[in-house]
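Chains as they are written, first to last, in this note's numbering: chain A, 1 to 150; chain B, 1001 to 1082.
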């Protein structure tokens, strides 16, 4: 009996990925050079509040990497004005980070059919990294009957 | 004078692989090694040097892509009364 072929359904949503790494030392250097101006320009008050503590710089570097990963996943045109605050990386009650978009970043995501962006952050040995996954809007199951039963 | 100051800021903060003095005004700064994070430092240093503030609508990759583009942006900001 032949093994039936397995096909991904044609309506399977395409998840887009973006990633970035960022040296913690570079962020520390910016804080040393520009202090509050740098922090206020790049990070939202909530991001700064949620990063407080002894690992503050590592966590902020992770958030910067996440913002960059989101920029990549959104495939922004060079003319898109996306202030750093418009990509906010929040930590949920369960400790899992998630992204909240505003302004042109939110508009671009909507236009691209992106429903939400998940992120994963890590930092070790002076390097912070992040992966962002853009989750597309899932169409209702009723619109995909042609693939069922194949 | 403006371009000289921009090149000085780029040498200090742009993390370019080559001296800014050796770059054409239309050379791609990102291709020359400037990262997005370095462009934040460049922007803040330019604000100090020219006593301007980059508004949100100018925070695009295109604004900081070349020395000529930066110079043009500063020109528009300097023309706005404080």
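C-beta: ideal position from N, C-alpha, C; glycine also.
When you compare each of 138(A), 3(A), 118(A) to residue 70(A) by their alpha carbons, which one comes out closest?
118(A)
DSSP on residue 34(A), reduced to helix/strand/coil?
helix
Considering only their Cβ atoms, is the gap separating residue 39(A) from residue 48(A) smaller than 8 Å?
yes
Pull the bridge partners of residue 1005(B) from the DSSP assignment, please.
Residue 1005(B) is not bridged to any residue.
When we look at the beta-carbon of residue 1028(B) and count the other beta-carbons within 10 Å, is it buried (16 or more) or exposed?
exposed
Cross-strand partners of residue 91(A) (DSSP beta bridge)
97(A)
Buried or exposed: which applies to residue 14(A), given that a residue is buried once 16 or more other Cβ atoms fall within 10 Å of its Cβ?
exposed
Interface residues of chain B facing residue 78(A) [CB-CB closer than 8 Å]:
1060, 1061, 1062, 1065
Along the beta strand (DSSP E) that carries residue 128(A), what are the first and last residues, could you check?
127 to 136
Looking only at its own chain, which residues have a Cβ that is under 7 Å from the Cβ of residue 100(A), when we skip the five neighbours before and after it?
88, 90
Nearest-angstrom beta carbon gap, residue 1072(B) and residue 1058(B) [assumed within contact, 8 Å]:
Incorrect: roughly 10 Å between the Cβ atoms, too far for contact.
Check the Cβ-Cβ distances between residue 49(A) and every residue of chain B, and say whether any is below 8 Å.
no
Are the C-beta of residue 1010(B) and some C-beta of chain A separated by less than 8 Å?
no
Residue 1056(B) versus chain A: which residues are under 7 Å apart at the beta carbon?
81, 83
Name the residues in the segment 43 to 77 of chain A whose C-beta lies less than 7 Å from a C-beta of chain B; which are they?
64, 68
Return yes when the Cβ of residue 130(A) is within less than 8 Å of the Cβ of residue 62(A), no when it is not.
yes
When you compare only the Cα positions, how much space is there between residue 1062(B) and residue 1069(B)?
7 Å
Specify, as a first and last residue, the run of the beta strand (DSSP E) that residue 23(A) falls within.
16 to 23
Unbroken beta strand (DSSP E) run spanning residue 1047(B), endpoints:
Where residue 1047(B) is concerned, there is no enclosing beta strand (DSSP E), although the alpha helix (DSSP H) it sits in stretches over 1036 to 1050.
Rounded straight-line distance, which links the Cα of residue 1003(B) to that of residue 64(A):
29 Å
Contacting residues, own chain, Cβ-Cβ under 8 Å from residue 1020(B) (five flanking each side not counted):
1006, 1007, 1008, 1010, 1011, 1014, 1067
Starting from the C-beta of residue 1032(B), find all residues in its chain whose C-beta is less than 7 Å away, skip the five residues before and the five after it, and write them out in chain order.
1016, 1017, 1018, 1023
By Cβ distance below 8 Å, which residues in the same chain neighbour residue 72(A) in space, the five residues on each side in sequence not counted?
18, 19, 20, 132
Looking at the C-beta of residue 98(A), does it have a partner C-beta in chain B at a distance below 8 Å?
no
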